[in-house]
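Remarks on the structure that follows.
Protein chains in written order, with this note's numbering: chain A, 11 to 428; chain B, 11 to 428.
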């Protein structure tokens with residue numbers, strides 16, 4: 011199974027448990043048979059909180075929005091940012107269907123009935139094929155076993171249930187301190203195609219026991235999404251159904267964070283660590299991917315320009331194919347920098363490429379320099395490729411994540427519906 | 011060898027000869043050995059005009075520009091839009107090299123010496139790998155045989171010499187009347203990766219004997235590029251070296267076109283026919299492509315919105331992979347429409363997909379409708395796939411061209427430099 015290398019952050023400890031790492035949350039996942047499937051892979055997930063949570067969410071910016079997106083947004087508006095549960099399915103996006111919203115509301119009602127809460131307190135999400143009617147009966151039938159599963163609270167079962175073409179479940183959790191209180195924050199995510207910057211993201215559910223007000227949850231989420239998921243691209247396609255939802259049970263016992271203070275910064279850092287690592291997992295598990303690509307741009311006129319340039323590099327099909335071929339074809343990096351919609355100084359543009367094994371300087375002041383192709387080839391054998399670009403004397407910095415373009419991307423997407 | 015289906019336009023006759031179809035032009039192409047190559051494929055092309063031509067050009071919008079782009083732009087500025095020859099090489103883009111401009115100027119000088127014109131009257135272009143020093147010696151040595159080749163005036167030899175990963179030379183020419191004068195206009199183009207809307211285009215050289223002023227040549231070229239090459243995408247990557255150059259020898263004998271009159275419209279239509287068909291050839295011969303995709307959008311608020319939507323569809327990696335798999339996965343079309351940066355009415359969005367064999371309605375008013383998967387599969391077997399999208403009641407229309415995403419795209423680009 012693929013995995014990523016984890017970086018250390020002082021004061022934060024990686025722990026197990028995913029969305030169950032935080033106090034007050036239970037999860038479950040079952041095979042409901044939303045689409046007939048001989049392997050009986052889980053396709054229905056439930057996250058339940060013992061308490062009514064403060065909740066925040068960000069959504070896809072695609073103008074064609076899945077019905078679950080619309081229903082969830084309405085629900086969070088109706089409750090003023092409160093939620094008690096998440097219900098999510100894979101295998102069907104419930105998008106571009108005439109009865110989509112009706113079905114999404116029904117999913118909320120089914121969860122609410124089982125969990126004794128209001129339908130508006132349920133976050134609903136779907137992922138899978140667009141434009142096929144969602145069968146509600148399998149979900150209805152699966153509810154008892156889904157709810158029963160909460161007793162075992164198996165975060166792996168839920169993380170598996172939201173997977174589509176993902177090859178591994180994606181979960182990260184950390185433990186940290188706010189004052190004297192030990193807090194936990196964990197998340198799960200699904201990939202792995204139709205992923206592109208400037209959207210909210212793929213399906214991601216994050217839970218915490220750290221007490222945070224709804225407003226500050228939303229602020230933290232929006233800020234962190236901007237430097238994590240929005241800096242990710244698998245294939246340039248932006249899904250109709252992407253969502254990140256963040257729920258706080260408040261059970262850690264800390265004084266509720268309700269302003270932009272030191273506690274907020276510590277909380278936001280925990281959220282960043284979890285979302286940044288989930289982002290890297292999503293990149294590494296991009297459809298057909300064999301390599302994670304991490305591009306860091308510095309020296310830009312501001313962070314926005316740096317982000318635009320970094321994203322342009324990791325979105326280049328030609329560069330992505332070169333990484334798959336382990337070919338240090340840096341000209342394609344320069345080309346992608348050149349068509350990025352951002353200012354830079356070509357005469358001060360330096361590029362190095364490689365991995366933890368070795369970083370190779372390939373371009374200095376906008377022109378190629380001699381380098382050892384042998385050393386470069388060796389460095390590019392790694393499954394985590396680093397690109398460092400400096401584009402001038404500015405203070406702007408950003409990192410973007412992507413993956414290589416492979417035969418398997420074409421294979422997976424050449425006939426996804428069957 | 012791949013080819014495209016040609017559409018008929020009244021008053022215009024397709025003819026042979028490419029850039030030699032127009033009176034006064036001779037071409038040649040030879041193997042200079044710019045990069046050692048056992049197959050000795052031609053890599054150096056020359057187009058020469060008997061008269062000093064009016065000339066116009068458009069260039070890549072990539073901020074990293076190849077040295078030949080800079081030199082050609084300077085030359086046309088110096089002469090006020092006059093040119094007598096084009097020299098072009100493949101195998102090396104002469105871009106991101108410290109001595110790039112010096113080498114590009116040297117190429118102009120070599121051509122000028124041989125053809126007895128001024129170096130500024132030469133258009134220079136290069137295509138190939140970025141960031142490798144261009145060896146000038148092979149070009150110098152090849153000049154005598156290149157010039158000698160003009161006597162045979164072999165347009166195929168020149169069209170082959172500018173090819174990189176193209177699988178066939180791309181040439182189109184038409185005959186048409188301006189008043190009593192019989193005019194000719196023909197072009198050659200190379201593809202086939204690093205091609206994306208919003209640039210000038212790939213290397214394209216177009217010649218005509220129709221007498222047109224430099225200003226009106228530039229006007230026609232800019233207008234036609236906007237609805238042909240700029241509506242083409244192979245892989246979303248925008249090259250550093252793209253250029254379309256248009257030269258008029260004026261030998262057809264018509265009264266010079268110097269204003270936006272009926273003659274200008276007739277000339278522009280000839281240019282459109284040639285460039286539109288070259289665009290379709292470029293799409294069909296996209297790297298690794300097995301199918302041409304043509305997406306026509308109507309009902310948009312204006313042509314610009316229609317073009318944005320059409321381009322979004324043909325740029326979607328997921329849809330491109332589905333076309334390769336001959337899978338009528340129309341949800342991906344809706345998704346791509348949704349993330350296009352243009353207004354549309356989802357409730358009035360209809361989609362049909364197919365080919366000359368059959369067009370299948372798959373989506374009506376933004377929701378899926380039942381259709382015969384069998385008929386769809388049959389229609390998608392064609393090597394020219396049509397997508398028709400209507401997005402509302404507006405007058406805006408546009409067509410964009412692209413190709414499917416295949417294993418071979420990945421193969422070709424995984425190790426292009428070796």
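The C-beta atom is built at its ideal place from N, Cα and C for all residues, glycine as well.
Quiz prompt | Cutoff 8 Å: residue 177(A) Cβ touching any chain B Cβ | solution = It does not; no Cβ of chain B falls within 8 Å.
Checklist entry - In chain order, which alpha helix (DSSP H) runs of at least 4 residues are fully inside the segment 73-97 of chain A? => result Counting only runs of at least 4 residues, the segment 73-97 of chain A fully encloses the following alpha helix (DSSP H) elements, listed from N- to C-terminal order: 77-89.
(request) Determine the closest residue to residue 285(B) out of 23(B), 197(B), 134(B), with distance taken between C-alpha atoms. (result) For residue 285(B), the closest alpha carbon among the candidates 23(B), 197(B), 134(B) is that of 197(B).
Original post:
chain B beta carbons: is any one of them nearer than 8 Å to that of residue 327(A)?
Top reply: Yes, its Cβ sits closer than 8 Å to a Cβ of chain B.
Going by DSSP in three states, residue 305(A) sits in which element: helix, strand or coil? The three-state reading of DSSP puts residue 305(A) in strand, counting E and B together.
**Study point:** Touch test, the segment 152-165 of chain B against the segment 23-33 of chain B, Cβ-Cβ under 8 Å, three pairs minimum
**Key:** Counting C-beta pairs with one atom in each stretch, the segment 152-165 of chain B and the segment 23-33 of chain B have three or more that are closer than 8 Å, which means they touch.
task = Closer than 6 Å by C-beta to residue 211(A): which residues in its own chain qualify, once you throw out the five before and the five after it? Chain order, please.
result = Below a pLDDT of 50, predicted positions are generally treated as unreliable, and residue 211(A), at 41, falls in that range; the measurement from the model is reported next regardless. So the list reads 239, 252, 254, once near-sequence residues are dropped.
- prompt: If contact means a Cβ-Cβ distance below 7 Å, which residues of the segment 348-368 of chain B contact chain A?
  reply: Per Cβ criterion, the list reads 348, 349, 356.
query: Counting pairs of beta carbons, one from the segment 302-319 of chain A and one from the segment 404-411 of chain A, are three or more of them closer than 8 Å?
result: Cβ pair count under 8 Å is three or more, so yes.
| field | Top-ranked residue by Cα proximity to residue 82(A), from 113(A), 329(A), 107(A), 290(A) | value | The residue with the shortest Cα to Cα distance from residue 82(A) is 113(A).
Between 288(A), 177(A), 415(A), which lies nearest to residue 216(A) when the distance is taken from Cα to Cα? Ranking the options by Cα distance to residue 216(A), first place goes to 288(A).
query: For the candidate residues 381(B), 232(B), 349(B), whose alpha-carbon lies nearest to that of residue 339(B)?
result: Of the candidates 381(B), 232(B), 349(B), the one whose C-alpha sits nearest the C-alpha of residue 339(B) is 381(B).
(message) Classify residue 53(B): buried if its beta carbon has 16 or more other beta carbons within 10 angstroms, exposed otherwise.
(response) So residue 53(B) ends up on the buried side.
How big is the Cα-Cα spacing for residue 185(A) and residue 256(A)? Rounded to the nearest angstrom, the two C-alpha atoms are 16 Å apart.
- Task: Can you tell me the Cβ-Cβ gap for residue 49(A) and residue 259(A), rounded? I've got them flagged as a contact below 8 Å.
- Result: Actually they do not touch by this definition, with Cβ atoms about 34 Å apart.
Beta-carbon proximity check, residue 10(A) vs residue 267(A), cutoff 8 Å: Given that chain A is displayed from residue 11 to residue 428, the structure contains no residue 10(A) and the question cannot be resolved.
Going by DSSP, what residue range makes up the alpha helix (DSSP H) through residue 290(A)?
Taken as a continuous stretch (DSSP letters only), the alpha helix (DSSP H) holding residue 290(A) covers 272-294.
| query | What is the DSSP secondary structure of residue 401(B), reduced to helix, strand or coil? | reply | Residue state, collapsed to three classes: coil.
### Contact with chain B by residue 139(A), beta-carbon distance below 8 Å
Closer than 8 Å to the CB of residue 139(A) there is at least one CB belonging to chain B.
(Q) Within 8 Å of any Cβ in chain E, is that where the Cβ of residue 181(A) sits? (A) Among the protein chains of the structure shown, namely A and B, there is no chain E.
For this session: Please work out which residues of its chain come closer than 7 Å, Cβ to Cβ, to residue 367(B), disregarding the five sequence neighbours upstream and downstream, and give them in chain order.
Result: Only 388, 389, 392 meet the Cβ criterion.
- Item | Assigned secondary structure, residue 5(A) (DSSP; H/G/I helix, E/B strand, else coil) | Lying before the first or after the last residue shown, residue 5(A) is absent from chain A, which here runs from 11 to 428.
Taking the straight line between their C-alpha atoms, what separation do you get for residue 136(B) and residue 182(A)? Rounded to the nearest whole angstrom, the C-alpha separation of residue 136(B) and residue 182(A) is 49 Å.
### Query
What is the DSSP secondary structure of residue 358(A), counted as helix, strand or coil?
It is helical.
Practice item. Measure the C-alpha to C-alpha separation of residue 192(A) and residue 172(A) and round it to an integer number of angstroms. Key: Between residue 192(A) and residue 172(A), the C-alpha separation is close to 29 Å.
Continuous beta strand (DSSP E) stretch holding residue 60(A): start and end
For residue 60(A), the uninterrupted beta strand (DSSP E) run begins and ends at 54-69, by DSSP.
From residue 175(B) to residue 129(A), what does the alpha carbon distance come to, in whole angstroms?
When rounded, the distance between both Cα atoms is 57 Å.
Rounded to whole angstroms, how far is the Cβ of residue 396(B) from the Cβ of residue 369(B), which I believe are closer than 8 Å?
Here residue 396(B) really is in contact with residue 369(B); their C-beta atoms are around 7 Å apart, less than 8 Å.
| task | Tell me, please, whether the CB atom of residue 381(B) is closer than 8 Å to any CB atom in chain A? | result | The beta-carbon of residue 381(B) is placed no less than 8 Å from the nearest beta-carbon of chain A.
_Alpha carbon of residue 96(B) to alpha carbon of residue 233(B), nearest angstrom_ = Approximately 22 Å between the Cα atoms of the pair.
Label residue 88(A) either buried or exposed according to how many other C-beta atoms from any shown protein chain fall within 10 Å of its C-beta, with 16 as the threshold for buried.
Residue 88(A) should be labelled exposed.
Report task. Provide the residue span of the beta strand (DSSP E) that contains residue 193(A), from first to last. Result -> Where residue 193(A) is concerned, the enclosing beta strand (DSSP E) starts and stops at 191-199.
In chain B, which residues lie with their C-beta within 8 Å of the C-beta of residue 249(A)? Those are 345, listed as they occur along chain B.
**Study point:** Within 8 Å, strictly: CB atoms of residue 324(B) and residue 201(B)
**Key:** Not a contact, by the Cβ cut-off of 8 Å.
Proximity winner among 124(B), 269(B), 362(B), 103(B), relative to residue 94(B) (alpha-carbon distances): Nearest Cα to residue 94(B) within the set 124(B), 269(B), 362(B), 103(B): 124(B).
*asked:* Using the Cβ count rule (16 or more neighbours within 10 Å means buried), how would you classify residue 351(B)?
replied: Burial check for residue 351(B): the Cβ neighbour count within 10 Å stays below 16, so the residue is exposed.
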